[in-house]
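Using the numbering used here, read the sequence shown as starting at 2 and increasing by one per residue.
For each residue, glycine too, the CB sits at the ideal point set by N, CA and C.
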Amino acid sequence: MTRLLDLDSTPSHTITSAPLASPALDVPQWQQMGYRAEVDGLRAIAVLSVMLHHAGLALFDGGFIGVDVFFVISGYLITRILLTEWAQGRFSLLQFYERRVRRILPALFFMLVMCMFMSMIFLWPADNKSFSRSLAGTAISISNVIFWRESGYFDSSASFKPLLHTWSLSVEEQFYLIFPLGLMIILRWQRALTPWLLGLIALLSLGLAQWLVHRHPMMAFFLLPGRAWELLLGSLLAWRHQHQDASSAREKQLGSLLGMGLIAWAILTFDQNTPFPGLAALLPTAGAILIIHYAQPGTWVHQLLCQPILVGIGLISYSAYLWHQPLLVFSRHYLQAEPGPIWITGILLATLLVAYFSWRYIERPLRKSDNMSRSHALGLALTGSILFFGAGMLGYHSEGFSRFYPAQVQALQHIHQNPNTPDHCWRRLSQDQNFDHACHLGTPGQPPSFVLLGDSHAGSLSAALDQASRAQHLAGLDFSFRSCLPVIHSTYQAKDATARTCSALRQLFFAPNQLASWPETVILVGRWTLAMERHRPNNGEGGQEPGGDYTLESQRTASEGYTRALAQDYADTVHTLLKSGKKVILVYPIPEMAWDVPQRLAQLYMRHGRLQPDDASVSVQYIKQRNQRAEAALDAIGEQPGLSRVRPSNILCHRAIKDRCVAHTAGAPVYFDNNHLSITGAKPIVDAITQQLVAEKH
Numbered sequence: 002m003t004r005l006l007d008l009d010s011t012p013s014h015t016i017t018s019a020p021l022a023s024p025a026l027d028v029p030q031w032q033q034m035g036y037r038a039e040v041d042g043l044r045a046i047a048v049l050s051v052m053l054h055h056a057g058l059a060l061f062d063g064g065f066i067g068v069d070v071f072f073v074i075s076g077y078l079i080t081r082i083l084l085t086e087w088a089q090g091r092f093s094l095l096q097f098y099e100r101r102v103r104r105i106l107p108a109l110f111f112m113l114v115m116c117m118f119m120s121m122i123f124l125w126p127a128d129n130k131s132f133s134r135s136l137a138g139t140a141i142s143i144s145n146v147i148f149w150r151e152s153g154y155f156d157s158s159a160s161f162k163p164l165l166h167t168w169s170l171s172v173e174e175q176f177y178l179i180f181p182l183g184l185m186i187i188l189r190w191q192r193a194l195t196p197w198l199l200g201l202i203a204l205l206s207l208g209l210a211q212w213l214v215h216r217h218p219m220m221a222f223f224l225l226p227g228r229a230w231e232l233l234l235g236s237l238l239a240w241r242h243q244h245q246d247a248s249s250a251r252e253k254q255l256g257s258l259l260g261m262g263l264i265a266w267a268i269l270t271f272d273q274n275t276p277f278p279g280l281a282a283l284l285p286t287a288g289a290i291l292i293i294h295y296a297q298p299g300t301w302v303h304q305l306l307c308q309p310i311l312v313g314i315g316l317i318s319y320s321a322y323l324w325h326q327p328l329l330v331f332s333r334h335y336l337q338a339e340p341g342p343i344w345i346t347g348i349l350l351a352t353l354l355v356a357y358f359s360w361r362y363i364e365r366p367l368r369k370s371d372n373m374s375r376s377h378a379l380g381l382a383l384t385g386s387i388l389f390f391g392a393g394m395l396g397y398h399s400e401g402f403s404r405f406y407p408a409q410v411q412a413l414q415h416i417h418q419n420p421n422t423p424d425h426c427w428r429r430l431s432q433d434q435n436f437d438h439a440c441h442l443g444t445p446g447q448p449p450s451f452v453l454l455g456d457s458h459a460g461s462l463s464a465a466l467d468q469a470s471r472a473q474h475l476a477g478l479d480f481s482f483r484s485c486l487p488v489i490h491s492t493y494q495a496k497d498a499t500a501r502t503c504s505a506l507r508q509l510f511f512a513p514n515q516l517a518s519w520p521e522t523v524i525l526v527g528r529w530t531l532a533m534e535r536h537r538p539n540n541g542e543g544g545q546e547p548g549g550d551y552t553l554e555s556q557r558t559a560s561e562g563y564t565r566a567l568a569q570d571y572a573d574t575v576h577t578l579l580k581s582g583k584k585v586i587l588v589y590p591i592p593e594m595a596w597d598v599p600q601r602l603a604q605l606y607m608r609h610g611r612l613q614p615d616d617a618s619v620s621v622q623y624i625k626q627r628n629q630r631a632e633a634a635l636d637a638i639g640e641q642p643g644l645s646r647v648r649p650s651n652i653l654c655h656r657a658i659k660d661r662c663v664a665h666t667a668g669a670p671v672y673f674d675n676n677h678l679s680i681t682g683a684k685p686i687v688d689a690i691t692q693q694l695v696a697e698k699h
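Below, the structure written as structure tokens:
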């Protein structure tokens with residue numbers, strides 16, 4: 002998303018070149034249009050809405066539509082200039098790309114250099130690795146593809162990605178790599194068909210976006226095929242402006258007001274749950290079209306958008322867009338929390354100040370410089386892109402330049418990147434349904450006496466349970482698989498391969514003819530709280546787990562309600578195991594920290610040079626409130642012969658600090674992410690489990 006060109010209808014920097022032949026055309030009224038201050042005012046509305054949205058202001062939940070407004074403006078201005086040059090017989094692809102280079106890259110390169118420095122100060126290696134990957138993608142205009150594959154635009158983790166906003170720059174650069182050549186071919190081939198062909202492509206793109214938004218929403222959001230129609234709307238308006246505008250003063254007044262209303266409505270009512278960009282994106286894009294077309298002198302909207310403060314912000318809108326996200330993100334990393342109102346105000350003001358500096362001393366001078374030849378400009382652009390791409394790839398393959406970080410930070414990075422969740426065990430079972438291929442825990446050659454059954458929370462206990470079982474001369478089977486809560490009737494709402502594998506394996510495990518063949522004790526572990534609450538945890542101290550809701554489906558849900566149905570499924574699962582003659586060790590919810598523990602510890606260490614015992618800890622009160630309904634459901638199962646319980650909250654909380662659940666022991670993290678136990682964290686839980694196993698053995 003960029004302020005791509007000078008607002009003049011002709012380029013401010015003209016280089017003589019051999020023009021492409023074009024038919025002699027009359028110079029229509031639209032080519033005579035000079036600087037349009039109201040378009041800069043519209044840019045200001047767009048960039049401010051995006052900035053306030055990324056700053057987290059609830060009133061601007063729909064502020065992301067500022068990107069769509071920019072797409073329309075961009076398509077309009079670029080096409081207007083290309084049509085002007087075609088009409089004047091000086092259409093040149095080389096000149097077009099030179100203007101793009103001069104306009105886009107100097108300010109972008111300046112921002113990237115500063116982000117590279119800040120990343121080494123504020124980011125720990127894992128985040129620096131992710132940053133480096135996006136840096137490489139930005140350098141070659143494919144960052145939108147990278148972010149599409151990494152995470153969603155509205156995930157909480159997205160607010161910690163300094164270059165997330167460059168996805169829109171990549172969309173534009175991909176579009177303009179194709180569009181000028183395509184337009185030239187159409188104009189040479191059959192000029193009269195131009196609006197029809199552009200309109201057809203726009204309709205196909207819109208239809209694809211609407212189809213994708215319900216099936217692959219992030220593909221629709223980030224990739225060019227679902228976005229091209231927005232730029233083409235601007236192109237179609239530019240084509241329309243080749244003709245005289247016969248609109249009456251009343252039509253201009255009402256049309257421009259309607260356009261402003263559509264944009265305002267989208268900003269105030271859209272949010273992350275709005276299917277976007279499909280048909281919903283017609284509101285802000287149509288609003289932008291109406292304003293560009295109708296907001297002429299004499300209209301109220303023109304008067305509003307031409308206010309000096311809006312025009313000034315519009316002039317620096319490209320640099321403001323470039324800088325707002327890095328400043329917000331690095332502030333979050335520094336504060337280890339979401340910035341408060343004072344910080345937000347300061348960050349937004351700093352964004353405008355840095356944007357003015359960038360516009361005044363980088364954008365404008367280099368765009369208009371006559372001291373740099375075309376070959377020099379293009380050569381510097383290519384060299385810069387190669388250097389940034391190389392730096393990004395080096396950072397990515399060196400694990401975020403991890404060797405330059407303190408040893409403590411490197412150790413935390415190692416734990417973070419090497420989770421102890423062997424979900425390959427159940428995946429292997431799902432392929433051949435041969436339980437002899439299950440992963441074995443404990444003493445080799447010993448007959449298995451227990452089964453570890455559950456999701457990734459069970460898997461996080463696997464390595465520690467293997468060690469403890471060997472020490473006690475015990476053996477067992479590992480049937481843990483991620484996102485697979487060990488309950489009989491409920492199934493995960495998603496229909497992906499993981500959900501299908503989980504469903505198949507649960508049917509195998511709980512089949513009556515199979516249950517009798519399992520070892521005598523089942524260790525039942527699951528993320529009971531997330532299934533019960535559905536929404537991801539927020540610890541109230543700045544930690545928010547990324548990701549969407551986790552919802553299970555049950556035959557009982559419709560008639561009994563979700564919470565009651567799931568609680569009954571918990572009970573039915575335990576009773577089924579007990580009735581089959583099994584003993585059950587029921588492991589209660591593992592405390593969810595909500596923030597990435599190794600990351601937070603690393604950042605605190607980088608900031609202070611040491612760790613305090615309470616660093617990255619969370620309050621016991623938060624854990625109790627979060628687990629209340631899940632623990633109540635497990636308590637309701639009651640005391641049963643053969644049933645014993647292990648309560649991780651009682652083990653991990655109040656341990657070293659009263660009223661806190663600790664995140665590390667002498668610098669060793671208790672978790673390897675925001676909710677899965679590391680071996681350090683798993684050991685005390687496993688000790689309690691093995692005590693039960695040993696007691697049953699004797």
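- Secondary structure at residue 307: coil, using DSSP grouped into helix, strand and coil.
- Here residue 606 is buried, its C-beta having at least 16 other C-beta atoms within 10 Å.
- Excluding sequence positions up to five before and after residue 593, its CB lies within less than 6 angstroms of the CB of 538, 676, all in the same chain and listed in chain order.
- By a beta-carbon distance limit of 8 angstroms, residue 575 contacts residue 587. Their separation comes to about 6 angstroms.
- Just measuring C-alpha positions, the residue of 69, 140, 158 sitting nearest residue 112 is 140.
- Residue 663 is positioned such that its CB atom lies closer than 8 angstroms to that of residue 653.
- The straight-line gap separating the alpha-carbon atoms of residue 137 and residue 390 is approximately 4 angstroms.
- Taking a C-beta distance under 8 angstroms as the contact criterion, residue 670 and residue 258 do not qualify as a contact pair.
- Contact between the region 64-76 and the region 277-287 is established, with three or more Cβ pairs separated by less than 8 angstroms.
- Residue 123 and residue 399 have their C-alpha atoms roughly 18 angstroms apart.
- In the DSSP assignment, the residues bridged to residue 539 are 545.
- The Cβ atoms of residue 631 and residue 529 sit closer than 8 angstroms to each other.
- The Cβ atoms of residue 227 and residue 210 lie closer than 8 angstroms to each other.
- Given a length threshold of 4 residues, each whole run of the alpha helix (DSSP H) inside the region 494-530 is given here in chain order: 498-511, 513-516.
- Rounded to the nearest angstrom, the gap between the Cα atoms of residue 79 and residue 225 is 17 angstroms.
- Between the alpha carbons of residue 85 and residue 242 lies a distance of about 11 angstroms.
- Counting of Cβ neighbours within 10 angstroms places residue 352 among the buried residues, the total reaching 16 or more.
- Here the C-alpha atom of residue 142 lies approximately 7 angstroms from the C-alpha atom of residue 174.
- Contact between residue 284 and residue 266 holds: CB atoms are separated by about 6 angstroms, below the 8 angstroms threshold.
- Between residue 527 and residue 585, the C-beta gap is not smaller than 8 angstroms, which leaves the two residues out of contact.
- If you draw a straight line from the Cα of residue 449 to the Cα of residue 475, it comes to about 7 angstroms.
- Following the DSSP letters along the chain, one finds residue 479 inside the beta strand (DSSP E) bounded by residues 476-481.
- With 16 or more other CB atoms across the displayed protein chains lying within 10 angstroms of its CB, residue 502 is buried.
- Per DSSP, the unbroken alpha helix (DSSP H) holding residue 223 starts and ends at 218-223.
- Not a single unbroken stretch of the alpha helix (DSSP H) spanning 4 or more residues falls wholly within the region 600-633.
- Following the DSSP letters along the chain, one finds residue 440 inside the beta strand (DSSP E) bounded by residues 440-443.
- When DSSP states are grouped into helix, strand and coil, residue 670 belongs to the strand group.
- Its chain contains 326 as the residues whose beta carbon lies nearer than 6 angstroms to that of residue 166, once the 5 sequence neighbours on both sides are disregarded; these appear in chain order.
- In this model, residue 366 and residue 374 are separated by some 14 angstroms (Cα to Cα).
- A residue is called buried once 16 or more other Cβ atoms fall within 10 Å of its Cβ, and residue 286 is buried on that count.
- By the Cβ criterion, the region 198-209 is not in contact with the region 44-55, since fewer than three pairs of Cβ atoms, one from each stretch, lie closer than 8 angstroms.
- Residue 98 and residue 484 have their C-alpha atoms some 48 angstroms from each other.
- Per DSSP, the continuous alpha helix (DSSP H) segment holding residue 169 begins and ends at 168-191.
- Under DSSP, residue 455 takes part in a beta bridge, and its partners are 481, 526.
- The beta carbon of residue 540 lies closer than 6 angstroms to those of 595, 619, 623 in the same chain, with the five residues before and after it left out.
- For residue 143, there is no enclosing beta strand (DSSP E), as DSSP marks it with neither H nor E.
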